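Asker:
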Amino acid sequence: MALLDVVFLYFDLPYVTVTATLLIPLLLLYILLNDDNIANPPAKLFFYGGLFLAFLGDVCQLVIQNQLFFISSLVAFMLMNICYSIAFYNLNRKGLKRPFPFLLTSLLLLIMAYVFLQILGDRVAGGYRFPLIMYMSTLIAMTALVINAANS
25 MALLDVVFLY
35 FDLPYVTVTA
45 TLLIPLLLLY
55 ILLNDDNIAN
65 PPAKLFFYGG
75 LFLAFLGDVC
85 QLVIQNQLFF
95 ISSLVAFMLM
105 NICYSIAFYN
115 LNRKGLKRPF
125 PFLLTSLLLL
135 IMAYVFLQIL
145 GDRVAGGYRF
155 PLIMYMSTLI
165 AMTALVINAA
175 NS
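The sequence shown lines up with residues 25 to 176 when you count with this note's numbering.
Shown next as structure tokens:
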């Protein structure tokens, strides 16, 4: 399905709305069918909720092209990042016992986000500057928690 989506994107075919929105539900269906113990550990429920929010964000972003649905997709993706952050934090039983990789990752991503916003500038970002900062903050938190979980 992902390869088909890439082909449709390359040739700018309208079927991309179908293939792009089906990726997450198919992944979620595959995971749920192969998971014998869905709610154990409880953090998996947050992960599944994040997948659902990713699907919702894709639908809002791809199906209707206007400002309301763009903001809705941004909110859905932010909530997805928060769900993933909770899941990765809870999957790591040690917590933040080794804070150096977490803090280093956070610092590097903050610097990258700042540089990105400077390159983008006020003219391009406009009224989306604050929502973009909020989205990048949740993305940075999730990525740092993934690094922390992988490092433990």
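Virtual Cβ for every residue (Gly too), placed ideally from N, Cα, C. Since the structure is predicted, the reported quantities are computational estimates derived from the model, not experimental observations.
Considering Cα atoms alone, identify which of 126, 47, 66 is closest to residue 183.
Answerer: Because the chain spans 25 through 176 in this model, residue 183 falls outside it and cannot be assessed.
Asker: Could you spell out the range, first to last residue, of the alpha helix (DSSP H) harbouring residue 49?
Answerer: Here residue 49 refers to the residue found at position 25 when the sequence shown is read from its first residue. Where residue 49 is concerned, the enclosing alpha helix (DSSP H) stretches over 40-57.
Asker: Any chance the stretch 126-140 sits against the stretch 153-164, with 3 or more Cβ pairs inside 8 Å?
Answerer: Taking 8 Å as the limit for Cβ pairs, the verdict is that the stretch 153-164 does touch the stretch 126-140.
Asker: Determine, using beta carbons only, whether residue 106 and residue 79 come nearer to each other than 9 Å.
Answerer: Locating residue 106 in the sequence shown gives position 82, counting from the first residue. Locating residue 79 in the sequence shown gives position 55, counting from the first residue. No, the Cβ-Cβ distance between residue 106 and residue 79 is not below 9 Å.
Asker: Considering only the alpha carbon of each residue, which of 32, 155, 173 lies closest to residue 94?
Answerer: Walking along the sequence shown from the start, residue 94 turns up at place 70. For the residues 32, 155, 173, the minimum Cα distance to residue 94 belongs to 155.
Asker: For residue 89, which of 63, 114, 41 has the nearest alpha-carbon?
Answerer: Here residue 89 refers to the residue found at position 65 when the sequence shown is read from its first residue. For the residues 63, 114, 41, the minimum Cα distance to residue 89 belongs to 41.
Asker: By DSSP, does residue 158 sit in helix, in strand, or in coil?
Answerer: Against the sequence shown, residue 158 aligns to sequence position 134. Residue 158: helix per DSSP, three-state reduction.
Asker: Once the 5 residues before and after residue 168 are set aside, which same chain residues still bring their CB inside 6 Å of it?
Answerer: The count along the sequence shown starts at 1 and reaches residue 168 at position 144. 126, 129, 130.
Asker: Reducing DSSP to helix, strand and coil, say where residue 100 ends up.
Answerer: Position 76 of the sequence shown holds residue 100. Note: residue 100 maps to helix in three-state DSSP.
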